[in-house]
Amino acid sequence: MSEETTQESTSDSGLIGTLVESEYLPVVGFALGLLVFPWLLIDGLQLIGEFIDVSIGGYQGLPQLVLIYGVVVVGFNILLGFTGLLSFGHAAFFGTAAYVGGLMSWTIGDPVVMTIAGAVVATLLAWPIGFVSIRRSGVYFAVITLTFGQMLFFWAMGPGAWLTNGDDGFSEFQTSAFLGTFELDQPVLDTLDLVVFQLDMEAYTWEYVFVGIVALIAVWTANRMLHSPYGLIFKALGENQQRVSFVGLNVFRYKLMAFIISAAFAGVGGAMWGIHESYIHPGTAYYWIQSGDFVIMTVLGGAGSLIGPVFGALIFEYVSNVISGVSLPVIGSIGSLWRIVLGGTFVIVVWAFPRGIYPPIRDAVSWLGSLLTGQGGDD
Amino acid sequence: MSVVQQTVSILLNGLQLGAIYALLGIGLTIILGTMNFLNLAHGALYLIGSYVGLLTIKTISLRDGILADLGYQDVGLGAGFLGALLVVPVVGFVIGVVMERTVAKPFYKRPHTDQLLVTFGLALVVEELVKQIIGGNTFQSATPESIFGITTSGPINLPIVGAFPRWRLVIVLIAFIVIGLTGLLIARTDWGLIVKAGTHDSEMVTLLGVPIGRSYALIFGVGAALAALAGLIGTTYLTVDPGIGTQRALIPAFLVLVIGGAGSVRGAIVGGLVLGVVVSAFQQTYSQWAMIAMYMLVAIVLVVRPQGIFGSVEVEG
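Dropping the structure here:
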């Protein structure tokens, strides 16, 4: 028996081994995760909730929201986690793309076109803002990016109200079907027949498919970039900026590009967020709290790891949308307590786990994995 | 309204707004200058000052929050403004010292980004705690009727401007007395000497055998007390709600820091006044653009003179 197992495990490591060695492992893992994510988040948690008699299941639409923020923070992480620049103004790009997407829908309502339009404008906006901000570092960079975000907020609330509808919010979305045929709010399949039982497929709407594809492209792009020589320079900048300049590289240019790239991701996310919500208010699109939320998600999940921030987005959105409505037997309704819990968790993470919560989990899993394969050899 | 009248009015309002900004900026700048520590929870200190002030000045009735649930619908000392003027700085000082010992100290050697992040989280927690305990509703301002028998409410007739709220003048007076006292503290005492030397080169101060670590807690306490005082002053003429810490204190304080130059007390005073006058000028002319102008001013300063008006070196992140 022992011989057989050894042979099997060696042949396994041939296939799985190449995958584990490959840089695409996180992307493949993410893609597989996308397939089961809505089911786990909604039905899976619902099932667990029934056992402990607390309703903790997600709702339809939450998976999309998590992925939308996931796209934003995967990009934000390129700036914060790798290049080491803390921006408090990425709502500027997020919000602008949402508004541009909404305005675009008046002429062409295809979500793909809306997202591209939003992302392009956000990227173009990032150029001048980055050009000014990148000259400073540390707190100055944080403050100057904050000032640009806040300027746009006050502009959208007051002088720009003719375009953004100000405090009343922008709700004139004329989003049409995805690629002209697939209605966003329709499920792909009603039910999936798995012989033993039927799986409810309501959560797998075309919107989820659309957002999921974009998220996969975003993760793939970020992964490819960070493994390229270009991305290595971003990492080097985060480690030691002075040495990068000693090598003869133009530090300013690379920092600016990291800023613009992260803004493009924020733009893609922002435009999709507009499509998802069909309502934009300056307070949620542009206000600095939104920028702060990106920071929280990224750091909570794990700044400096590719997928980590997506977990941060998942925890953030899950806690703020589901846990906030949970009523516990002893404590009662959690309600607005969630921000204290989140803030406290955030402080603890920054304090004790500067790498975020994802990397330790990943390490634990790979340690368990190595333990299992190691035991497999011993048997 | 003639041009002269408007100009004087803008300057008066700007002076009042700027004095509060300066109080906030001084606290932030001495902490940054000596300890090289960036405190995003500075707004939380203002928030605490506001609520402690409100509860000391008068009795307020609560509608929700933990205190109301426990049966304390009407809370407050009703000790008046003078009482608050004594209580608030002390509370601020104690909280500042505790914060330095528990939160700031472990982060002195960590990168600025970590300091920003941890204090950002702390600010969120404080804001939410206040919301939970006192409730999220907005309270009216508590303008004192009189101090030492002198009437302080109602309008006063000033030359050129005409009717002007009497209390606003008192605010300017109080703020400048506090700023003056802080200035004296720094300019005339041994402790001030350490602060000044520390803002210049804290490593050198340590090498000279001065136990600067002991001064750190004191400096943090003074900075916190100033922020809390600014909160108290804000309470006397503006409404109070849990969101004011960030909106009215944290962001202006950092903008003052950037305009004036990090680590410079003089810069914080001048920066505060410049910011106050600019905001007040736009508020009275193109009010929609007031906030945009404030941020624009900061962006221009950062581009043209990155070290600030009085700053000598840029703080590296």
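Protein chains in written order, with numbering that gives the first Met the number 0: chain A, 0 to 378; chain B, 0 to 316.
Glycine included, each C-beta is placed from N, C-alpha and C at the ideal position.
(message) By alpha-carbon positions, which one of I279(A), L178(A) and W205(A) ends up nearest to L188(A)?
(response) Answer by Cα proximity: W205(A).
(message) For Y20(B), which residues in the same chain have their Cβ closer than 7 Å to its Cβ, ignoring the five residues on either side in sequence?
(response) Here the set comprises P251, V255, G271, L274 and G275.
(request) Closer than 9 Å, Cβ to Cβ, to anything on chain A: give me those residues from the stretch 252-278 of chain B, in chain order. (result) Within the stretch 252-278 of chain B, the qualifying residues are F253, L254, L256, V257 and A261.
(request) Please check the pair E316(A) and V65(A), which I expect to be a contact at CB under 8 Å, by giving their CB distance rounded to whole angstroms. (result) At roughly 5 Å, the Cβ-Cβ gap stays under 8 Å, so E316(A) and V65(A) are in contact.
(message) Between the alpha carbons of L31(B) and G77(B), how many angstroms are there, rounded?
(response) So the two alpha carbons sit approximately 36 Å from each other.
(request) Take L313(A) as the anchor and find which of M256(A), A351(A) and G32(A) has the nearest alpha-carbon. (result) The candidate whose alpha carbon is nearest that of L313(A) is G32(A).
(message) Can you pull the chain A neighbours of G120(B), defined as C-beta to C-beta under 7 Å?
(response) What G120(B) touches in chain A: G342, F345, V346 and V349.
(request) Could you name the residues that DSSP lists as bridge partners for N156(B)? (result) Answer is A162(B), bridged to N156(B).
(message) I'd like to know if I243(B) contacts chain A, where contact means its C-beta is closer than 7 Å to some C-beta of that chain.
(response) No, no contact with chain A.
(message) Taking beta-carbon pairs under 8 Å, can you tell me which members of the stretch 127-161 of chain B lie near chain A?
(response) Those would be E127, L128, K130, Q131 and G135, in chain order.
(request) Answer yes or no: does any C-beta atom of chain B fall closer than 7 Å to that of R354(A)? (result) For R354(A), the answer is no, since every Cβ of chain B falls outside 7 Å of its Cβ.
(request) Indicate whether the contact test is met: 3 or more Cβ pairs, each with one atom in the stretch 86-102 of chain A and one in the stretch 160-174 of chain A, closer than 8 Å. (result) Contact between the stretch 86-102 of chain A and the stretch 160-174 of chain A is established, with three or more Cβ pairs separated by less than 8 Å.
(request) Please decide whether V111(A) counts as near chain B, where near means a Cβ-Cβ distance under 7 Å. (result) No, V111(A) does not count as interfacial toward chain B.
(message) I'd like to know whether the C-beta of M98(B) is nearer than 7 Å to at least one C-beta of chain A.
(response) Chain A contact via Cβ: absent.
(message) Considering only heavy atoms of the ligand MG, does any lie closer than 6 Å to the CB of F264(A)?
(response) In the structure on display, the ligand MG does not appear, and there are no ligands present to speak of.
(request) Give the DSSP-derived three-state secondary structure of F169(A) in the structure shown. (result) For F169(A), the three-state secondary structure derived from DSSP is strand.
(message) Checking 7 Å against the spacing of the C-beta atoms, do G137(A) and H111(B) come in under that value?
(response) H111(B) is positioned such that its CB atom lies closer than 7 Å to that of G137(A).
(message) Below 7 Å on C-beta distance, what does M150(A) contact in chain B?
(response) Under the 7 Å cutoff, chain B gives I291, Y294 and M295.
(request) To the nearest angstrom, report how far apart T297(A) and L217(B) are at their CA atoms. (result) Straight-line spacing of the CA atoms in T297(A) and L217(B) works out to 34 Å.
(message) Quick check: the Cα distance between E315(B) and R223(A), rounded to an integer number of angstroms?
(response) In this prediction, E315(B) scores a pLDDT of 42, lower than 50, which makes its location untrustworthy; no coordinate-derived value is stated.
(message) When you compare the CB of A40(B) with every CB in chain A, is at least one pair closer than 7 Å?
(response) It does not: the Cβ of A40(B) has no partner Cβ on chain A nearer than 7 Å.
(request) Kindly list the residues whose CB is nearer than 7 Å to the CB of R338(A), restricted to its own chain and excluding five residues on each side of it in sequence; keep chain order. (result) Same-chain partners within the cutoff: there are none.
(message) Taking DSSP's pairing of strands, which residues face G239(B) in a bridge?
(response) Looking at the sequence itself, residue 239(B) is Val, so the reference to Gly does not match. DSSP output for V239(B) lists F138(B) as bridge partner(s).
(request) Scan the stretch 34-85 of chain A and note each continuous alpha helix (DSSP H) run of 4 residues or more that stays entirely inside, going in chain order. (result) The alpha helix (DSSP H) runs of length 4 or more contained entirely in the stretch 34-85 of chain A are, from start to end of the chain, 44-51 and 61-76.
(message) If I measure Cβ to Cβ from V277(B) and keep anything under 7 Å in the same chain, skipping five residues before and after, which residues do I get?
(response) In chain order, A292, M293 and L296 place their CB closer than 7 Å to the CB of V277(B), counting only its own chain and leaving out the 5 sequence neighbours on each side.
(request) Under 8 Å Cβ to Cβ from T344(A), same chain only, skipping five residues before and after it: list those, please. (result) Contacts found: L299.
(message) For D292(A), count the other beta carbons within 10 Å of its own beta carbon; 16 or more makes it buried, fewer makes it exposed. Which is it?
(response) Of the other Cβ atoms in all chains shown, 16 or more fall within 10 Å of the Cβ of D292(A); this residue is therefore buried.
(request) Leaving out five residues on either side along the sequence, give the residues of the same chain with a beta carbon under 7 Å from the beta carbon of L66(B). (result) When the five nearest sequence neighbours on each side are left out, the beta carbons in the same chain lying within less than 7 Å of the beta carbon of L66(B) are those of V74, I132 and I133, in order along the chain.
(request) Below 7 Å CB to CB, which residues in the same chain sit around S145(B) once its five sequence neighbours on both sides are set aside? (result) If we look at S145(B) and ignore the five residues flanking it on each side, its Cβ neighbours are T151.
(request) Note down, in chain order, each residue of its chain lying with its Cβ closer than 6 Å to the Cβ of G43(A), except the 5 sequence neighbours on either side. (result) The same chain holds no residue with a CB closer than 6 Å to that of G43(A) once the five nearest residues on each side in sequence are set aside.
(request) Spell out a yes or no on whether the stretch 100-109 of chain B and the stretch 168-181 of chain B are touching, meaning 3 or more CB-CB pairs, one atom from each, closer than 8 Å. (result) No: fewer than three Cβ pairs fall under 8 Å.
(message) Using 8 Å for Cβ pairs, my map puts I143(A) next to R135(A). What's the rounded Cβ distance?
(response) Yes, they are in contact, since the Cβ atoms of I143(A) and R135(A) sit about 6 Å apart, within 8 Å.
(request) Identify the contact partners of W288(B) in chain A, using a Cβ-Cβ distance below 7 Å as the criterion. (result) In chain order: P158.
(message) Please tell me whether S279(B) and L16(B) are closer than 7 Å, where the distance is taken between their beta carbons.
(response) The answer is yes: Cβ separation under 7 Å.
(message) Can you list, in chain order, the residues of its chain with a C-beta nearer than 7 Å to that of R265(B)? Leave out the 5 residues immediately preceding and following it.
(response) Once the five neighbours on either side are set aside, the close Cβ partners of R265(B) are F309.
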